[in-house]
Structure formats: structure tokens, C-alpha cells
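Protein sequences appear in the order of chains H and B.
Letter by letter, the first sequence follows residues 98 to 146 in the working numbering.
Letter by letter, the second sequence follows residues 116 to 824 in the working numbering.
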Amino acid sequence: MTGLALLIPIALGLGLLGLAGFFWSIKNGQFDDADGAALRILIDEEDEL
Amino acid sequence: MTAATPNRAPVELPVSDFAIPGMRCAGCISKLESGLALRPGIVNARVNFTAKRISVTHLPEMTMPQLLEAISGIGFEAFAISESSGDSDNHEAKRLLKAMAVAGFAMMNIMLLSVSVWSGAGGVTRDLFHWLSALIALPTLAYSGQPFFRSAWSALRKGRTNMDVPISIGVTITTALSLYETFTHGPHAYFDGVVMLLFFLLTGRWLDAVMRDRARDGVSALLKQTSAGAMVLQPGSKTAWFDAKALKPNMVMLVAAGERLAADGMVTEGVSSFDLSLLTGETTAQSVVVGSIVHAGTLNLDAPVHVRVTAAGADTAIADIARLMEQASQGKSLYVRVADRAARLYAPAVHILAALSFLGWMVAGAGWHESLLVAVAVLIITCPCALGLAVPAAQIVVAGALMRAGILVKDGSALERLAEVDLAMFDKTGTLTMGRPTPINLADANGEQKQVLLALARASRHPLSEGIRRALETEGVAAAKIDQVREVAGAGVFATANGRAVSLGRPNTEISHEALASELQIQGKPSFAVHFSDQMRPQAAATLVELQSLGLASSIISGDRAVSVAPIAHALGITAQTSMLPQEKLDAIARQKAAGHKVLMVGDGLNDGPALAAGYASIAPASASDAGQNAADVVFMGDALTPVATAIRAARRTQHIVRQNFILAIGYNVLAVPLAIAGYVTPLIAAAAMSGSSLVVVANALRLKNAAK
Numbered sequence: 098m099t100g101l102a103l104l105i106p107i108a109l110g111l112g113l114l115g116l117a118g119f120f121w122s123i124k125n126g127q128f129d130d131a132d133g134a135a136l137r138i139l140i141d142e143e144d145e146l
Numbered sequence: 116m117t118a119a120t121p122n123r124a125p126v127e128l129p130v131s132d133f134a135i136p137g138m139r140c141a142g143c144i145s146k147l148e149s150g151l152a153l154r155p156g157i158v159n160a161r162v163n164f165t166a167k168r169i170s171v172t173h174l175p176e177m178t179m180p181q182l183l184e185a186i187s188g189i190g191f192e193a194f195a196i197s198e199s200s201g202d203s204d205n206h207e208a209k210r211l212l213k214a215m216a217v218a219g220f221a222m223m224n225i226m227l228l229s230v231s232v233w234s235g236a237g238g239v240t241r242d243l244f245h246w247l248s249a250l251i252a253l254p255t256l257a258y259s260g261q262p263f264f265r266s267a268w269s270a271l272r273k274g275r276t277n278m279d280v281p282i283s284i285g286v287t288i289t290t291a292l293s294l295y296e297t298f299t300h301g302p303h304a305y306f307d308g309v310v311m312l313l314f315f316l317l318t319g320r321w322l323d324a325v326m327r328d329r330a331r332d333g334v335s336a337l338l339k340q341t342s343a344g345a346m347v348l349q350p351g352s353k354t355a356w357f358d359a360k361a362l363k364p365n366m367v368m369l370v371a372a373g374e375r376l377a378a379d380g381m382v383t384e385g386v387s388s389f390d391l392s393l394l395t396g397e398t399t400a401q402s403v404v405v406g407s408i409v410h411a412g413t414l415n416l417d418a419p420v421h422v423r424v425t426a427a428g429a430d431t432a433i434a435d436i437a438r439l440m441e442q443a444s445q446g447k448s449l450y451v452r453v454a455d456r457a458a459r460l461y462a463p464a465v466h467i468l469a470a471l472s473f474l475g476w477m478v479a480g481a482g483w484h485e486s487l488l489v490a491v492a493v494l495i496i497t498c499p500c501a502l503g504l505a506v507p508a509a510q511i512v513v514a515g516a517l518m519r520a521g522i523l524v525k526d527g528s529a530l531e532r533l534a535e536v537d538l539a540m541f542d543k544t545g546t547l548t549m550g551r552p553t554p555i556n557l558a559d560a561n562g563e564q565k566q567v568l569l570a571l572a573r574a575s576r577h578p579l580s581e582g583i584r585r586a587l588e589t590e591g592v593a594a595a596k597i598d599q600v601r602e603v604a605g606a607g608v609f610a611t612a613n614g615r616a617v618s619l620g621r622p623n624t625e626i627s628h629e630a631l632a633s634e635l636q637i638q639g640k641p642s643f644a645v646h647f648s649d650q651m652r653p654q655a656a657a658t659l660v661e662l663q664s665l666g667l668a669s670s671i672i673s674g675d676r677a678v679s680v681a682p683i684a685h686a687l688g689i690t691a692q693t694s695m696l697p698q699e700k701l702d703a704i705a706r707q708k709a710a711g712h713k714v715l716m717v718g719d720g721l722n723d724g725p726a727l728a729a730g731y732a733s734i735a736p737a738s739a740s741d742a743g744q745n746a747a748d749v750v751f752m753g754d755a756l757t758p759v760a761t762a763i764r765a766a767r768r769t770q771h772i773v774r775q776n777f778i779l780a781i782g783y784n785v786l787a788v789p790l791a792i793a794g795y796v797t798p799l800i801a802a803a804a805m806s807g808s809s810l811v812v813v814a815n816a817l818r819l820k821n822a823a824k
């Protein structure tokens, strides 16, 4: 039982953390342009020298 | 880099959105973003590739034409998007996604606790786990259950019922009973089942919303926003840009060649010809002189004219068509979606079954508590969970497949209606034909001529130049370098290439009165005349044959004259009605409807708008007028007509899969319900049945992945 008292809050906490992260990323617009995000990785950032 | 000074107080800079349909690759993103940011007056640009849009943050003094100019300077065609283009729907998808995420989180955690209970946890541990589950489930219900409770409540208030009513009742009763069980240290709590039910149903709702959003973004990226206003002659020979809404009778509009009219009027100065195809479907340009009456939405082809406004805004011929459209579209809103039809039959059956099991156990002598437990088990087992997924899962898979093939489906109900059509009516101009002059003898031009042609054509907005440009660009011709370009209205484009004068314009030698042609002159070389005609869409005949094999008879309803329709009708071997006004097209559809047919309308023009809205289902090409695209259920890209048949075939396959899904979902219930009524169903069996049937339904829907091949 002492194990449970520790493990259950940890399990719930981790889940909540994930949920909070997901909400944050939605609010931040990270899901607004899924196709664009896939392509942006191909863009070479040119250093302005 | 930007004009904003660092120590100025932060001001909210205006942001303008543009649609850029020509955006195709990663290179385009970086070209647009870094290119625009370097322009004076533009602070920042951010591309949304999925929606093919760009948001430009700019200084307040930048005007719309300047911004469009900046984007076209980088080599992209952009269209302004009005801000009001309905972001509320997008928020709906987001709200559903959040509700789904919460339900998913709660489901996983409650399941974690439930597994321990199922594996035999007893006594204090079980009670603790039930309490924890309740603690997670109740807030989840309050948050994620809102879409259902709200919709059920609004339906009940109007004295109606929908699919959300049984869901809300089931969820509420089950939760209440589970709470009671928890209080009384009972063995079974159904929190896991309730939350899982919400999760699966929200997934279905969210998929549905995503599908509508994606199609709407796709369509709004295609809208051209034509004739949003006009240059108006002001006292003192000045001019000012007036919005279409601000135009008043007796103003004098300056209409340049290549511009669309924003209001009805009478020509007061100049001679030109007007393309009426968008309004009437007529292909032959109409010549106008001083005193001619011209209508909003028509295109000025040759030379600038002055037009005195006689009617603007709500009084124009266009506005009449819009009113017809609005009336015609009311019939469509009466259509009841397949899922709702199923729910109408299914929901009462479920409730009666649950009530009967309750009564049966009471009569058999069980206590009310035990009877209620059985009734709740029946409710949970028969919940329309897979039913809620059966339709949207299939429809989003097929909509994705169709989208990859260049076919945009507006929403799920469009797919359902499309599957049921049994008669096709086509507009001619722009639908069976390309609706634009296409050069027919470019193959005869030599390399140098082609290069000069392309360069000159790019410098002009005349429809004939557009035709040349499109044909040569697809051929992959590189444009010659030209300078000193000037466009003389009514005459053509003049420039120099390699020190020689070149021009593209009205033929000097009268070739034929009716045929469209323009002539390329290169100094010291023989001239080359380009001939044009409105070509039939590729694959038109093959598509009609395919429709025939799908059981759809086709006919033409055209606003054009019989002379121009006859060759097309003859070539395709179908009947045609000609010279039809928008109202007459509506009547033709109404007649077929009265005869029991479900009419598929395929059209593009403004004059087809009401017919598109009235058809049982409707399809428009991406080249269609804004009104046409807005009214149609399906919009397809590209020149070939094949997507019409592809869309119908895919829609029918979808209906087939949806029907299978219903059978699978209900079949599961048929197996589990006797167990539930007999009182053998535990929360474990309920959870297994629910997720099992949902998975089967989704897996079956995935078979549609290549339905649009």
C-alpha cells in the first residue's frame, strides 16, 4: 500500500504533465500547419554574413 | 531590416492574410518568408503550408495592392482573404480536440486503476481505486461531456431529439449509479466505460470537424475574390478606388482591359468586347459600344471603357442570382445524415431494451438496485459508440484519399448525397469545356517564337495572353528576356528583345471574324498568328461513359446558344437544353426532382450557382466562379473531367463501408446484449466490447485508403 501511495500520484502526475503539454502545444499553434512543419526541416537557413 | 524603430511603444501592427495556391514545396516557403521580410513596409511573413496561406504583418500605411504587388514580385499569385472567412469552425475542431485529449487522458488513467480491480483487487484497495476513478471521471465528464449535453439540451428545448439525447441520458445514469456503487462499497463501477464512451464519440466528432475544416481551407484558397470594387472617376479628373459595396448609381467606373465589372451599368466611353461566360455561359465575346448595357461579373476583354453605374450592390444581376441561390440551397439543409437516421431507429430501441430489462428483473423479484445495474449494463453495451465512429472514420479516410487526388469534399453529408445521385446535368462552358481560350496551333511556332511569346504573354492580363502563358508554361518553355515593355489597351503588348521590336496583339490581317486569334510580330521575321478555341476538357467523353456505367444518364443544360452547344453535345452523344436562364436551370432540376430523380449538377459559372445549390449533390471545377465553388459540394482541381466519376465511385464505396460498419457495430451488440440482459456483463466485458467494436470499425474504414485511385 505504501508503494501505491507513491506510484499512483506519480502515474497521474505524468499523465497530467502530458495533457498540459498537449494543451500548451495546441494553444501555441503547433498543430496549425502540420504539412508545413514537415517541409520546413528541408529549408537551409542561410547565415547572414 | 524593418522600419519599426526599437524604442517605439509596441503597437499592434496590421496583419493581412493571403491565399497562395501555387505554393508547392519547401523552397516556396523560404522564398516567400525571407523574400517578403526584406521588402520595405513588411515586418514579418509566416506561411501556413497546410492551408496554402500566408500571414503578412506590415506597417499600417501599406495598401492591399502594394502587398499583392510585393508577393507577385517574388513570383507567386496571391489572393486576399477576407478576415471574416469563418474561424469559428476552426475553433470548434480545436475545442473538440481538447475535449478528446482530456477524455483520452482520463480514460487511460481510469483504465490503469480498473485493470487492478478486474485482476482481483478487493476491500479497501478497490474502494480507493473507485474513489480515484470517480475523482478523475467527474471533472472529465463536466469538461468533455459538454458538447453532448449542450446539443442534447438545445434539441430537447425545441421539443426534438437527436443522437446526443440518448448519449447524455446514458452517461448521466451510468455515472450516478457508479457513484452510488462507490459510496456503498459495491463491486462494479462503470467510470471507465463512461469515459471511454466519451473518448470514442469525441474522436468521431473531431474527425468530422477536421474534414470540414480541411475542405473549407482548400476551397477558400481557390476563391478569387473578383470584382471587389472599381476605380471611380472623381471630380477634377482624379480617380479613387471604391469597394463594390460603396458603389452608387451614376458613378462612372473606369474599367481596364482584363477587369471584371463590379456593378451593372451603361458604357459611356470607349469600345470593347465583354466576356459574359461567367454570367450567361455564352462563349462568344459580345462587343460593346457607347450606350451598351453591361452587367456586374462580366469581364472586359479589349480596351478600357467608362461605365456609368445604373445598379449596384443588391440591385445587380449578380445579386439576383445570389438570392436565387439562397432560396435553392434551403432544400439541402433538410437532408438528414445517415448517422442521424440510424440513431433515430437505434436510440429508442436501446432505451426500450434497457427499460424492459429493468422491469423484467424487477418482476422476477430482484431488488431495484440489481435491476438498475443490469439496465445500465445494457445501456453501456448498446451505446452507439461504434455507431458514432462508423460514419466519420470512413468519411475522413475517403476525403483524405480524394484530396490527394485533387478532389475537395466540403463535408460528410456531401459524400452521402453524392452516393445517391442517379442523373447528371452538366453546364457547358467551363464545365464540359475549359471555359477559357486555349491556343490550338502553338506546335507550329519555332523555339524563338515560343520564348518571345511567353515573355510577352506574361506581361499582359488579357485572357488570350493568359491562355498562351498557361500552355507554354506547362510545356516548360523558358521566357526570352524582354525590356521596354508597354501594354497598349486594345492593341497589344509591345517590347524589345535582343534589340528587335516585338509585339503580341490584335492581328493586322483580318483572319476570320468569329475566331479568336492574336498575332506575334518579331522585327525582321514573318509574323505568327496564334489561334484559340474553347477546348473540351480532357477525358470528357470517357467520363460520361463511366457515369453511364455507374447508372447515371447525362445531359447538358447551358446558357449558351444552340449553335455553340450543338457540336459539344454531338461529340459527347448526349442531349442538351440551350439558352437557359439561371431560373430555367433551376426549373429543369426541379422537374427531374419531381420525377423522382436525384440530380447531380456539375457547373462552374455564376449562372450555375442556383442550380448547383438546388441539385441533390453538386460538383464544380476549381476554375469555377467563387459563387459556383461556394455552392458546390465538391470542388475538383485540374483540367480533366475524370474526378466527377471518381468522386461518385468513391462516395458509393464509402456508403458501402459505412453500411458494413453499422452491421459490424450492431452485430457486436447483438452478441453482447443477451449477456447484459442476463446480468453477466461486468465493466470488464463492457470495456472490451466497446473498444473491440470501435477498433473493428476504424480498421474497416481504413480499407478506403485508395478509394480515389
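A virtual CB, placed ideally from N, CA and C, is assigned to each residue, including glycine.
These figures come from a predicted structure and were not determined experimentally.
Taking buried to mean at least 16 other C-beta atoms within 10 Å of its own C-beta, is R241/B buried or exposed?
buried
Using CA atoms only, rank isn't needed, just tell me which of A372/B, I186/B, P175/B is closest to V169/B.
Before going on, a small fix: residue 169/B reads as Ile here, not Val. Of A372/B, I186/B, P175/B, the residue nearest in Cα terms is I186/B.
Going along the chain, which residues of its own chain have a beta-carbon closer than 6 Å to the beta-carbon of V130/B, five neighbours each way excluded?
S170, T172
Who are the neighbours of L227/B on chain H, taking C-beta pairs under 8 Å?
A108
Would you verify that the beta carbon of G133/H is, or is not, closer than 8 Å to some beta carbon of chain B?
yes
Determine the DSSP secondary structure at H245/B, reduced to helix, strand or coil.
helix
Checking the sheet assignment: what are the DSSP bridge partners for I169/B?
F133/B, V162/B
Taking the CB atoms as reference points, tell me whether P736/B and I436/B lie closer together than 8 Å.
no
Exposed unless 16 or more other CB atoms sit within 10 angstroms - verdict on V678/B:
exposed
Looking at the strands, I want to know which residues DSSP matches up with R320/B.
R320/B pairs with nothing; no bridge assigned.
Pairwise C-alpha distance: M381/B and F647/B
29 Å
Does DSSP put K640/B in a helix, a strand or coil?
coil
Any chain B beta carbon closer than 8 Å to L136/H:
yes
Residue environment, G260/B, which counts as buried when at least 16 other CB atoms sit within 10 Å
buried
Contacts that L212/B makes with chain H (C-beta to C-beta distance below 7 Å):
I123
Under a CB-based cut-off of 8 Å, is L153/B close to chain H?
no
How is the beta strand (DSSP E) around K353/B delimited, first residue to last?
353-358
Euclidean distance between Cα positions of A501/B and G110/H
31 Å
Can you tell me which of the three DSSP states L414/B falls into?
strand
Delimiting residues of the alpha helix (DSSP H) encompassing V451/B:
Looking at the DSSP string, V451/B is not in any alpha helix (DSSP H), and its letter there is neither H nor E.
I need the straight-line Cα distance from L369/B to D748/B, nearest angstrom please.
36 Å
In terms of DSSP beta bridges, what is A668/B paired with?
L538/B
Which one or two residues does DSSP pair with P736/B in a beta bridge?
F751/B
Using the three-state DSSP reduction, which class does S387/B fall into: helix, strand or coil?
strand
Does the beta carbon of L146/H come closer than 8 Å to any beta carbon on chain B?
Confidence at L146/H is low in this model, with a pLDDT of 48, below 50, so the placement of that residue should be treated as unreliable; the coordinate-derived value is given next. Output row for L146/H: interface = no.
Check whether chain B comes within 8 Å of G112/H, counting only Cβ atoms and requiring the distance to be less than that.
yes
Checking contacts by CB at 8 Å: is L103/H closer than that to chain B?
no
With a threshold of 7 Å on Cβ separation, who are the neighbours of L568/B within its own chain once the five nearest residues in sequence on each side are excluded?
A560, I583, L587, L619, L635
Could you work out which residues of chain H lie near L247/B, taking near to mean beta carbons separated by less than 9 Å?
I105, L109
What residue from A509/B, A479/B, V603/B, L250/B has the CA that sits closest to D323/B's CA?
A509/B
So, does the CB of I772/B fall closer than 8 Å to a CB anywhere in chain H?
no
If you draw a straight line from the C-alpha of A814/B to the C-alpha of L504/B, how long is it?
11 Å
What number of angstroms, rounded off, separates the C-alpha of K124/H from the C-alpha of V158/B?
23 Å
Hey, is the segment 740-758 of chain B in contact with the segment 514-526 of chain B, meaning 3+ C-beta pairs nearer than 8 Å?
yes
Suppose contacts are defined by Cβ-Cβ distances below 8 Å. Is A755/B in contact with P653/B by that definition?
yes
With a Cβ-Cβ cutoff of 8 Å, do V491/B and T255/B count as a contact?
no
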